[in-house]
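S.K.:
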Amino acid sequence: MKIIKIKQILLGLFMLLSLGMWGQNVSVNEAEKVASNFLKLINPKSTFVISNAEEIKDDEGSLMYFFKVNDGFVIVANDKKAFPILAYNDNKNFATLASTNNEFQFWLSELKKQIRVLKQGISAPTLNKPAEIWNDLLLNSTKIKLISNIKGCPLSLNTETYNQKQPYNSLCPQSAQGVRAVTGCVATAMSEIMDYYNYPAKGNGQVTWNDTSTDVVGNLTFNLSDQNYNWNNMSDMDKAKISYHAGLAVNMNYGTISSGATLGNLRNALVNNFRFSSATIVPRSTNGISNWYSILKAEICNNRPVIYTGVGNVGGHAWVADGVVSFTIRFWTFNTTIDTPFAYMNWGWGGAFNGYYYLDNIVANNVYNFNTNQSIVKIVK
Numbered sequence: 233m234k235i236i237k238i239k240q241i242l243l244g245l246f247m248l249l250s251l252g253m254w255g256q257n258v259s260v261n262e263a264e265k266v267a268s269n270f271l272k273l274i275n276p277k278s279t280f281v282i283s284n285a286e287e288i289k290d291d292e293g294s295l296m297y298f299f300k301v302n303d304g305f306v307i308v309a310n311d312k313k314a315f316p317i318l319a320y321n322d323n324k325n326f327a328t329l330a331s332t333n334n335e336f337q338f339w340l341s342e343l344k345k346q347i348r349v350l351k352q353g354i355s356a357p358t359l360n361k362p363a364e365i366w367n368d369l370l371l372n373s374t375k376i377k378l379i380s381n382i383k384g385c386p387l388s389l390n391t392e393t394y395n396q397k398q399p400y401n402s403l404c405p406q407s408a409q410g411v412r413a414v415t416g417c418v419a420t421a422m423s424e425i426m427d428y429y430n431y432p433a434k435g436n437g438q439v440t441w442n443d444t445s446t447d448v449v450g451n452l453t454f455n456l457s458d459q460n461y462n463w464n465n466m467s468d469m470d471k472a473k474i475s476y477h478a479g480l481a482v483n484m485n486y487g488t489i490s491s492g493a494t495l496g497n498l499r500n501a502l503v504n505n506f507r508f509s510s511a512t513i514v515p516r517s518t519n520g521i522s523n524w525y526s527i528l529k530a531e532i533c534n535n536r537p538v539i540y541t542g543v544g545n546v547g548g549h550a551w552v553a554d555g556v557v558s559f560t561i562r563f564w565t566f567n568t569t570i571d572t573p574f575a576y577m578n579w580g581w582g583g584a585f586n587g588y589y590y591l592d593n594i595v596a597n598n599v600y601n602f603n604t605n606q607s608i609v610k611i612v613k
């Protein structure tokens with residue numbers, strides 16, 4: 233009997249230890265409360281209506297919660313070892329999770345991998361004292377002080393919200409079935425940058441487009457030096473024109489579902505064909521989060537939006553980052569502070585899901601490193 237009792241005690245201890253090491257789930261009510269308290273911290277004078285809770289899952293279960301907030305959204309982690317708020321925008325750009333926004337879906341897939349690793353106990357969290365942070369955001373929001381670390385820096389440079397489909401792709405080549413190719417994320421990000429600067433007045437050089445690899449094939453030699461751009465009064469057709477020219481300049485691999493180009497071609501086209509002084513690729517993998525955030529902040533605080541890129545399981549993605557915000561949150565009940573770096577992402581899909589996204593790794597060590605396949609292109613006019 234004693235042996236059986238000892239085995240039962242050991243089994244119970246093992247289960248308790250396992251629960252402590254593995255994921256700590258968050259109920260939908262807890263997630264909503266955390267979202268509400270966080271939004272009140274960053275904007276105490278506003279009124280928020282939170283609705284339309286959706287779970288973001290993988291094959292093994294729930295990983296995050298997606299809430300509609302006014303006309304915006306908040307994404308909350310479903311694990312109390314992760315930083316609670318993974319993305320937010322409290323005033324615009326709501327869309328459904330079924331969106332074909334490939335760039336947003338890429339970022340979401342990377343978050344899902346990290347939280348799954350955290351739930352499985354494979355890696356430790358990067359967050360210090362996560363249980364206390366969650367508890368204070370749930371119960372003691374009046375004892376939390378939030379200090380903005382951005383002074384004299386725009387929260388967003390308000391780059392234009394282009395799209396990859398109609399009317400922006402109306403000049404792109406067609407498939408044999410007459411279906412128009414999408415512009416491609418690289419061309420869309422470049423177009424938003426050029427529109428922001430109202431530059432260049434005209435293109436430069438001759439480009440050759442040759443594509444035989446997808447459902448949209450063809451070849452063309454095109455003289456960009458003959459092309460002028462109407463930045464002061466941009467119609468949809470003018471935006472389609474610059475999107476098409478950007479695609480030709482990077483030798484876009486056009487497709488009716490997705491179109492792609494290399495990062496090197498993007499950099500070269502900005503300098504050689506669109507007259508920018510420089511376009512410098514900076515990989516995230518060589519920078520810790522503090523340095524990475526400082527690089528982004530330096531560009532955006534000097535009114536220079538960047539092109540942000542990432543490579544996932546099904547190819548590369550590019551979009552514009554045009555804002556930064558960082559908070560130091562002091563939790564008085566256990567006397568600690570944490571820094572929370574966010575960047576404002578313009579995904580290039582008509583504003584859908586544009587907002588502030590948490591930049592830091594959720595998990596520690598190299599089991600799954602969020603920053604490995606990310607870069608930015610720093611652009612100087």
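So for the sequence shown, this note's numbering puts the first residue at 233; every next one is plus one. All C-beta atoms in this analysis are idealised placements derived from N, C-alpha and C, irrespective of residue type, glycine included.
(1) Could you check if residue 292 is buried or exposed, using at least 16 other CB atoms within 10 Å of its CB as the buried criterion?
(2) Residues in the same chain with beta-carbon distance under 8 Å from residue 253, minus the five sequence neighbours each way, listed in chain order, please.
(3) Does DSSP put residue 507 in a helix, a strand or coil?
(4) Does residue 239 come out as helix, strand or coil in the three-state DSSP assignment?
(5) Could you spell out the range, first to last residue, of the alpha helix (DSSP H) harbouring residue 337?
(6) Where does residue 295 land, buried or exposed, given buried means 16+ other C-beta within 10 angstroms?
(7) Select from 516, 410, 448 the residue whose C-alpha is nearest the C-alpha of residue 491.
(8) Taking the alpha-carbon positions, what's the residue 270 to residue 502 distance?
(9) Using CA coordinates, which residue listed in 465, 483, 402 is at the minimum distance from residue 442?
(10) Under a three-way DSSP split, which group does residue 474 fall into?
(11) By how many angstroms is the C-alpha of residue 543 removed from the C-alpha of residue 420?
(12) Could you tell me the distance, in whole angstroms, from the CA atom of residue 446 to the CA atom of residue 410?
(13) Identify whether residue 299 lies in helix, strand or coil by the three-state DSSP scheme.
(14) Please report the distance separating the alpha-carbon of residue 477 from that of residue 591.
(15) Measuring straight from C-alpha to C-alpha, what distance separates residue 427 and residue 459?
(16) On the criterion of 16 or more Cβ atoms from any shown chain inside 10 Å, does residue 279 qualify as buried, or is it exposed?
(17) Taking the alpha-carbon of residue 366 as reference, which of 336, 317, 341, 340 has the nearest alpha-carbon?
(18) So for residue 517, helix, strand or coil by DSSP?
(19) Here's a check: name, in chain order, each residue in its chain whose Cβ is nearer than 7 Å to the Cβ of residue 370, leaving out the five neighbours to either side.
(20) Are the beta-carbon atoms of residue 550 and residue 487 separated by less than 7 Å?
(21) Apply the 10 Å Cβ neighbour rule to residue 368 and answer buried if 16 or more other Cβ atoms are within range, or exposed otherwise.
(22) Out of 339, 571, 547, point me to the one whose CA is closest to residue 557's CA.
(23) Cα-Cα, which of 434, 468, 475 is closest to residue 455?
(24) Per DSSP, which one or two residues make a beta bridge with residue 573?
(25) Alpha carbon to alpha carbon, how far is residue 575 from residue 394?
(26) In the DSSP assignment, find the unbroken alpha helix (DSSP H) run with residue 271 in it and report its ends.
(27) Taking C-beta to C-beta, are residue 418 and residue 493 nearer than 7 Å?
(28) Could you tell me which residues DSSP puts in a beta bridge with residue 438?
(29) The alpha helix (DSSP H) with residue 423 in it runs from where to where?
(30) What is the residue span of the beta strand (DSSP E) that residue 321 lies within?
(31) In terms of alpha-carbon separation, which member of 580, 559, 472 lies closest to residue 539?
(32) Is residue 481 helix, strand or coil when you go by DSSP?
(33) Is there a Cβ of chain D sitting closer than 7 Å to that of residue 465, yes or no?
(34) Within the continuous alpha helix (DSSP H) that includes residue 363, where are the two ends?
(35) State buried or exposed for residue 301, treating a residue as buried only when at least 16 other CB atoms are found within 10 Å of its CB.
(36) Taking contact to mean 3 or more Cβ pairs, one atom from each stretch, closer than 8 Å, check whether the segment 501 to 516 and the segment 465 to 473 are in contact.
M.R.: According to the data block:
(1) exposed
(2) Note that residue 253 scores a pLDDT of 39, beneath 50, so its modelled location is shaky; the value from the coordinates is reported in the next line. So the list reads 353, once near-sequence residues are dropped.
(3) coil
(4) Low confidence applies here, because residue 239 scores a pLDDT of 44, under 50, leaving its location unreliable; read the following figure in that light. Helix at residue 239.
(5) 334 to 351
(6) buried
(7) 448
(8) 39 Å
(9) 483
(10) helix
(11) 17 Å
(12) 14 Å
(13) strand
(14) 32 Å
(15) 15 Å
(16) exposed
(17) 317
(18) helix
(19) 262, 265, 266
(20) no
(21) buried
(22) 571
(23) 434
(24) 558
(25) 19 Å
(26) 260 to 274
(27) yes
(28) 455
(29) 417 to 429
(30) 317 to 321
(31) 580
(32) helix
(33) Included in the structure is just one protein chain, with no chain D present.
(34) 362 to 371
(35) buried
(36) no
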